[in-house]
Structures are given as C-alpha cells and as structure tokens.
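Here's the structure we're looking at; comments come further down.
Now the structure itself:
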C-alpha cells in the first residue's frame, strides 16, 4: 500500500502561501506524482480592540487590529524521491509547513 503525505501550509502572507502551493503543485505534476489540492481551509481572524485614550477621559474612540492566518492542505503520493524534492524547496520564513505521512 503506497504512502501518502499530507502537507499543511500556514501563513499570514497570502501571496507567499499561494506561491509555495504552486511550487509544490508544479513539482508534483512534473514528476507524475498523484496530487490532491491545494484545499483552502477557513481563514482564522484574530482581532484586538483597544481604547485610544489612555486616561479614560473624553469620547470613546477605539483602535481595531486584525491578524489573518491563511491555511492550505495538499495531499500527495509519497515516495522517497518526492519527499526529498519537497525538502529542497525554498520556503519563505512567513510560511510554516507541516508534513505528516500516512499509510
């Protein structure tokens, strides 16, 4: 039974995340590896709301900050050659990658 690798990509920068996804997809198509994805997962939105005035006097004015975390999942047929090529890819510092192997 062939192994399968599930690749989870996470980033706050959507452009860099999409470029890594296309690199993995191109690598898989070039080598004839069975590939599913990239499947977009829901974007996590983390919000922080703070009061502008430090003393509490005056009108209530608020600052709103938001951090968006984008995620993608790619499934590919894993053999030794494809995993080695995956490890050689140049991945930006903003993109976090997690690889899990299953039977």
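Numbering (the working numbering), first residue to last: 817 to 919.
Note that CB positions come from ideal geometry on N, CA and C, so glycine has one too.
Close beta carbons around residue i, own chain, < 6 Å, minus the five adjacent residues each side
i	result
residue 865	878, 880
residue 854	837, 888, 890
9 Å Cβ cutoff met for residue i and residue j
i	j	result
residue 885	residue 899	no
residue 825	residue 889	yes
residue 891	residue 851	yes
residue 919	residue 843	no
Contact set for residue i: own chain, Cβ-Cβ below 7 Å, skip 5 residues either direction
i	result
residue 856	888
residue 907	836, 913
residue 917	819, 821, 894
Span separating the alpha-carbon of residue i from that of residue j
i	j	result
residue 904	residue 840	11 Å
residue 910	residue 837	13 Å
residue 861	residue 821	28 Å
residue 896	residue 828	30 Å
residue 847	residue 867	54 Å
residue 870	residue 876	11 Å
Presumed contact (8 Å Cβ cut-off) between residue i and residue j, rounded CB distance
i	j	result
residue 823	residue 913	6 Å
residue 863	residue 845	The Cβ separation is near 38 Å, so there is no contact.
Bridge-paired residues (DSSP) for residue i
i	result
residue 880	865
residue 891	822, 852
residue 918	820
residue 857	887
Residues near residue i in its chain [Cβ-Cβ closer than 8 Å; skip 5 each side]
i	result
residue 859	884, 885, 886, 887
Cβ-heavy atom distance, residue i to the ligand ATP, below 8 Å
i	result
residue 856	In the structure on display, the ligand ATP does not appear, and there are no ligands present to speak of.
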